[in-house]
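Working notes, beginning with the structure itself.
Number of protein chains: 2
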Amino acid sequence: VSWYQDAAAPGFGPENLPYCAFTSAGGAGVAVRIGDHLLNLGAAEEAGLVAEAGAFAREHLLDRFLALGRPEWRRVRERITDLVTGGRDRVAPVLLPVADAELRLPFTVADYVDFYSSEHHAMNMSRILRPGQASLQPNWRHLPVGYHGRAGTVVVSGADVVRPWGQSRPDADSPPRYGPSARLDVEAEVGFVVGLGSRTGQAVGTGDFRDHVFGAVLVNDWSARDLQAWEYQPLGPFLAKSFATSISAYVVPLDALEPARVPAPDQEPPVLGHLVEADRYAYDLRLAVRWNGTVVSRPPFRTMYWTPAQQLAHLTSNGARLRTGDLYASGTVSGPTRAEVGSFMELCWGGTEPVTLGDGSSRTFLEDGDTVTISGTATGPAGTVVAMGDVTGRIVSEWRSQSAK
Amino acid sequence: VSWYQDAAAPGFGPENLPYCAFTSAGGAGVAVRIGDHLLNLGAAEEAGLVAEAGAFAREHLLDRFLALGRPEWRRVRERITDLVTGGRDRVAPVLLPVADAELRLPFTVADYVDFYSSEHHAMNMSRILRPGQASLQPNWRHLPVGYHGRAGTVVVSGADVVRPWGQSRPDADSPPRYGPSARLDVEAEVGFVVGLGSRTGQAVGTGDFRDHVFGAVLVNDWSARDLQAWEYQPLGPFLAKSFATSISAYVVPLDALEPARVPAPDQEPPVLGHLVEADRYAYDLRLAVRWNGTVVSRPPFRTMYWTPAQQLAHLTSNGARLRTGDLYASGTVSGPTRAEVGSFMELCWGGTEPVTLGDGSSRTFLEDGDTVTISGTATGPAGTVVAMGDVTGRIVSEWRSQSAK
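For the record, the sequence lines run as chains A and B. For the first sequence, the residue numbers in the working numbering are 342 to 746. For the second sequence, the residue numbers in the working numbering are 342 to 746.
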């Protein structure tokens, strides 16, 4: 048994080495997780353990490291792998128990984009909202549909989520009203974190995905379905999504997910040239959605119709530049069965089919005090497990209207 | 005649004092414009001329100043007004000719939101796209429709705009294609710059607009109509807008626009309580759109159905927090006549009615090499003119596809 094995939280062995930002009694910094410890990268750099990267000492965020690009990401990863597998003594001075650290948002979110790339999810939403006329939009198989979300309300796992207020019009014959959302939902997604930026007027090809994207996080793109239904025509979701988006505290490097590569679904009709992948693959990330502790769904990421490489190519196909810290999420991950959907809208079929949780209580949408936790794992080398960090959040109702002046 | 009068560029007298960021032979800094000069605020602060603000020295952006909030904004404005009206001698050491400076993006754009608040524009777009069935969406008179844009591609006036590529499907019976946009358009808008942020879960009331918003810029929200038509269902515009958004280099303080306050249009039906304004007003900003030098339109900002105070209240009505540097734009400003529209889509009625420019050439959408300049003025105290900075951009075609690896 190696020193870093953590029976209580498997998946954080040296195959993983996800990055995070933390605050502890000793100060703030950036780290990689190994077992049930954090390896303080700033301290390690100052001790000469990760050589001359210059990206960690006195940094409170991963931004500088993310900007370095793939050759440096790989060099640092190899160095840390050597360190942690070389025995505990050398790294002991720069370790701290993860229980003694508070994890923070790990990077500055530049722009946040949310896609809509699960065919099962898109069809389910269509069936729920337009029974008998369900179909994909004409553009859906030709491009990964997406939109910009609010970067300033991306929060780290563990942050409470204040139930949003907003306008809704549940009855088309009555006027709209303004109040707390009554159909508050989750969206279980996988997010991708851009490290290396790109220049304006330059499309990033599908083959360049791993040169620009550093790693992945889990995402809960909280959604107020009643607000969304009323606001979204014709410019898309806005306040229904902008109140909070939670991400896991750990950014798992793409290199840790390499062993989880699997073929991606076939695409028919064939996509246009700029979306073609010479080496098309998905990541076999298996998610689990817990509602107050009860596993209600196990969304399979490998079923997504559009891959993260295609999403990145599409995002830049008009010449929009990338910046370090750009975050783009896959869209709700839903597999083919009800036990694999990534939203409660689908799980409870638009609110018509409640689920029963482990405590015997019944739910359709989120109630105040509810906690949702999304976890995810991939298979690492030689059958090891690579864990994504959980993304968890609790619904609170502490609404404050700013006092009139 | 005062020392700061600039016959070639009226509107930059002491009634205005807009803020900017610059680079010159002497270095980078932030400044206010007065006449044909910039008053270097960093140098002024170091010389003790603007007292203890601490927001300017060694700053290259307005971010620190914006975050200070309204009492400090007003105190600094009063101090600078005293300085520039007190004679040239005192300020001469901290002046530089505007011609010797390169103006830069004046603040870090946090989140960018674009609204859709001109009734004339919304109806024109509906008439063009759905002839015979034109109407406003059911939500349009109940809330200011808006969506998030891409903050990372907001550029300063003067930056070239690379013609975007993208998918379009001009013929529904043929497959989509990928290529340069053939329907590249402008949107003349007014943008509002948030200085003071707000807390998550706190709605900012309409009456608190001037506590949070520092000032205004002109915006050209470049739009690729062919990309937009194909991509926008069901999540709204994405790549059709995300390639570039140009803003003027000067942020005009709201205090400089106080004399331009006029009644805003009546709203029927009455809006819900959180959008009611105890003191409802518009700003009488008169815009002009020049296409290769020819004035093709004069959009009147005072005709907007939703005011910037209502837009801010809506934006935060779900509890989304504001950050310093948040930018929100009004949406295309179109008045009731063809000579007052803020887009070429409307000016040339969907491409069916070309306009003739001053050189005798004909246009519907933008051609490579075309330059569009939007200017705007308001009336200041005692009949003076307050100029918004121009926002100008030229269309270039320097498309680069990243070489395959």
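Virtual Cβ for every residue (Gly too), placed ideally from N, Cα, C. Model, not experiment: these values are computed from the prediction.
(request) Would you kindly check if the distance between the Cβ of residue 682 (chain A) and the Cβ of residue 641 (chain A) is under 8 Å? (result) Locating residue 641 (chain A) in the first sequence gives position 300, counting from the first residue. Locating residue 682 (chain A) in the first sequence gives position 341, counting from the first residue. Not a contact, by the Cβ cut-off of 8 Å.
(request) Note down, in chain order, each residue of its chain lying with its Cβ closer than 8 Å to the Cβ of residue 353 (chain A), except the 5 sequence neighbours on either side. (result) Position 12 of the first sequence, counted from the first residue, corresponds to residue 353 (chain A). So the list reads 345, 347, 359, 374, 375, 376, 377, 728, once near-sequence residues are dropped.
(message) Can you find the residues in the same chain that come closer than 7 Å, C-beta to C-beta, to residue 329 (chain A), ignoring five residues on each side of it along the sequence?
(response) Past the edges of chain A, shown from 342 to 746, lies residue 329 (chain A), and the structure says nothing about it.
(request) Spatial neighbours of residue 523 (chain B) within its chain, please: CB distance less than 6 Å, with the 5 preceding and 5 following residues excluded, ordered by chain position. (result) The residue labelled residue 523 (chain B) in the question sits at position 182 within the second sequence. These residues qualify, in order along the chain: 567.
(message) Determine whether the beta carbon atoms of residue 452 (chain A) and residue 492 (chain B) lie at a separation below 8 Å.
(response) For this step, residue 452 (chain A) is matched to residue 111 along the first sequence. For this step, residue 492 (chain B) is matched to residue 151 along the second sequence. Cβ distance < 8 Å, so residue 452 (chain A) and residue 492 (chain B) count as in contact.
(request) At 7 Å on the CB atoms, spell out the chain B contacts of residue 599 (chain A), in chain order. (result) Taking the first residue of the first sequence as 1, we reach residue 599 (chain A) at position 258. Residues of chain B passing the Cβ test: none, with the nearest at roughly 17 Å.
(message) Taking its Cβ as the centre, do 16 or more other Cβ atoms sit within 10 Å of residue 745 (chain A), making it buried, or is it exposed?
(response) Here residue 745 (chain A) is taken as the residue at index 404 of the first sequence, counted from 1. Legend: pLDDT at residue 745 (chain A) = 37, less than 50; position of this residue unreliable, value from coordinates given subsequently. Exposed, by the Cβ-count rule.
(message) Beta-carbon within less than 8 Å of residue 695 (chain B)'s beta-carbon, same chain only, minus the 5 sequence neighbours each way: which residues are those?
(response) The count along the second sequence starts at 1 and reaches residue 695 (chain B) at position 354. Closer than 8 Å at Cβ, skipping near neighbours: 689, 703, 704, 705.
(message) Can you list, in chain order, the residues of its chain with a C-beta nearer than 7 Å to that of residue 392 (chain B)? Leave out the 5 residues immediately preceding and following it.
(response) The sequence position of residue 392 (chain B) within the second sequence is 51, counting from 1. Around residue 392 (chain B): 420.
(request) With DSSP collapsed to three states, give me the class of residue 743 (chain A). (result) Counted from its first residue, the first sequence places residue 743 (chain A) at position 402. Confidence in residue 743 (chain A) is poor, its pLDDT being 48 and thus under 50, which makes the residue's placement too unreliable to answer from.
(request) Please confirm if residue 472 (chain A) has its CB atom under 8 Å from at least one CB of chain B. (result) Along the first sequence, one-based indexing puts residue 472 (chain A) at 131. So no, residue 472 (chain A) is outside the interface.
(message) Under 8 Å, Cβ to Cβ, is there at least one residue of chain A near residue 567 (chain B)?
(response) To locate residue 567 (chain B), count along the second sequence from 1; it is residue 226. No, because no Cβ of chain A sits closer than 8 Å to the Cβ of residue 567 (chain B).
(message) Cβ closer than 7 Å: which chain B residues qualify as neighbours of residue 578 (chain A)?
(response) Counting from one through the first sequence, the residue named residue 578 (chain A) turns up at place 237. Neighbours of residue 578 (chain A) on chain B, chain order: 576.
(request) Using a Cβ-Cβ cut-off of less than 9 Å, list which residues of the stretch 609-620 of chain B approach chain A; keep chain order. (result) 610, 613, 614, 615, 616, 619
(message) Just verifying my parser: in three-state terms, what is the DSSP assignment at residue 465 (chain B)?
(response) Within the second sequence, numbered from 1, the residue matching residue 465 (chain B) stands at position 124. Three-state result, residue 465 (chain B): helix.
(message) Can you check which of these residues, A:445, A:581, A:647, A:437, is closest to residue 401 (chain A) by C-alpha distance?
(response) One-based indexing of the first sequence puts residue 401 (chain A) at position 60. Measuring from the Cα of residue 401 (chain A), the nearest candidate turns out to be A:445.
(request) Determine which residues of the stretch 505-527 of chain B have a Cβ less than 9 Å from any Cβ of chain A, and write them out in chain order. (result) 505, 506, 507, 508, 510, 513, 516, 517, 518, 519, 522
(request) Counting only the same chain and skipping the five closest in sequence on each side, list residues whose C-beta sits under 8 Å from that of residue 699 (chain B). (result) Here residue 699 (chain B) refers to the residue found at position 358 of the second sequence. So the qualifying residues of the chain are 633, 634, 635.
(request) Write down the C-beta distance between residue 713 (chain A) and residue 734 (chain A) rounded to the nearest angstrom, noting that I regard them as a contact closer than 8 Å. (result) For the purposes of this step, residue 713 (chain A) is identified with residue 372 of the first sequence, where counting begins at 1. For the purposes of this step, residue 734 (chain A) is identified with residue 393 of the first sequence, where counting begins at 1. Between residue 734 (chain A) and residue 713 (chain A) the Cβ distance is about 6 Å, and since that is below 8 Å, they are a contact.
(message) Going by C-alpha to C-alpha distance, which of B:415, B:645, B:616 sits closest to residue 604 (chain B)?
(response) The residue you call residue 604 (chain B) lines up with position 263 of the second sequence. For the residues B:415, B:645, B:616, the minimum Cα distance to residue 604 (chain B) belongs to B:645.
(message) Taking the straight line between their C-alpha atoms, what separation do you get for residue 397 (chain A) and residue 537 (chain A)?
(response) The residue given as residue 397 (chain A) occupies position 56 in the first sequence. The residue given as residue 537 (chain A) occupies position 196 in the first sequence. Those two C-alpha atoms are separated by around 17 Å.
(message) I'd like to know whether the C-beta of residue 622 (chain A) is nearer than 8 Å to at least one C-beta of chain B.
(response) Here the question's residue 622 (chain A) lines up with position 281 in the first sequence. Output row for residue 622 (chain A): interface = no.
(request) Taking C-beta pairs closer than 7 Å, name the residues in chain B that residue 484 (chain A) reaches, listed in chain order. (result) Along the first sequence, one-based indexing puts residue 484 (chain A) at 143. Those are 508, 572, listed as they occur along chain B.
(request) Determine the contact status of residue 726 (chain A) and residue 351 (chain A), defining contact as a CB-CB distance below 8 Å. (result) For the purposes of this step, residue 726 (chain A) is taken as residue 385 along the first sequence, with counting starting at 1. For the purposes of this step, residue 351 (chain A) is taken as residue 10 along the first sequence, with counting starting at 1. For residue 726 (chain A) and residue 351 (chain A), yes; Cβs fall inside 8 Å.
(message) I'd like to confirm the pairing. Which residues does DSSP put opposite residue 363 (chain B) in its beta bridges?
(response) Taking the second sequence and counting its residues from 1, one reaches residue 363 (chain B) at position 22. Its beta-bridge partners are B:370, B:444.
(request) Identify every residue that forms a DSSP beta bridge with residue 453 (chain A). (result) Position 112 of the first sequence holds residue 453 (chain A). Residue 453 (chain A) pairs with A:668.
(request) May I have the straight-line CA-CA distance separating residue 528 (chain B) from residue 459 (chain B), to the nearest angstrom? (result) In the second sequence, counting from the first residue as 1, residue 528 (chain B) sits at position 187. In the second sequence, counting from the first residue as 1, residue 459 (chain B) sits at position 118. Looking at the two C-alpha atoms, the distance is approximately 12 Å.
(request) Could you please tell me which residues of the stretch 491-503 of chain A, in chain order, have their CB closer than 7 Å to any CB of chain B? (result) 491, 492, 493, 494, 503
(request) Could you spell out the range, first to last residue, of the alpha helix (DSSP H) harbouring residue 422 (chain A)? (result) Residue 422 (chain A) sits at position 81 when you count from the first residue of the first sequence. It spans 411-426 - the alpha helix (DSSP H) in which residue 422 (chain A) sits, taken as one unbroken run.
(request) Determine whether the Cβ of residue 489 (chain A) lies closer than 8 Å to any Cβ atom of chain B. (result) One-based indexing of the first sequence puts residue 489 (chain A) at position 148. It does; some Cβ of chain B falls within 8 Å.
(message) Spatial neighbours of residue 462 (chain A) within its chain, please: C-beta separation below 6 Å, excluding the five flanking residues on both sides.
(response) Along the first sequence, read from residue 1 onward, the residue named residue 462 (chain A) stands at position 121. Cβ within range, chain order: 673, 675.
(message) Measuring only the C-alpha atoms, how far is residue 628 (chain A) from residue 707 (chain A)?
(response) What you label residue 628 (chain A) is simply residue 287 of the first sequence in a count that begins at 1. What you label residue 707 (chain A) is simply residue 366 of the first sequence in a count that begins at 1. So the alpha carbons of these two residues sit roughly 19 Å apart.
(request) Could you please give the first and the last residue of the uninterrupted beta strand (DSSP E) stretch that includes residue 555 (chain B)? (result) If you number the second sequence from 1, residue 555 (chain B) lands on position 214. First-last of the beta strand (DSSP E) with residue 555 (chain B): 554-561.
(request) Under 6 Å Cβ to Cβ from residue 542 (chain A), same chain only, skipping five residues before and after it: list those, please. (result) The residue given as residue 542 (chain A) occupies position 201 in the first sequence. These residues qualify, in order along the chain: 660.
(request) Under the assumption that residue 589 (chain B) contacts residue 496 (chain B) (Cβ atoms under 8 Å), give the Cβ distance between them as a whole number of angstroms. (result) Mapped onto the second sequence, residue 589 (chain B) falls at position 248. Mapped onto the second sequence, residue 496 (chain B) falls at position 155. Wrong, their Cβ atoms sit about 11 Å apart, outside the cutoff.
(request) Output, in sequence order along the chain, the residues in the stretch 638-664 of chain B whose CB is closer than 9 Å to any CB in chain D. (result) Absent here is chain D; the protein component of the structure consists of chains A and B.
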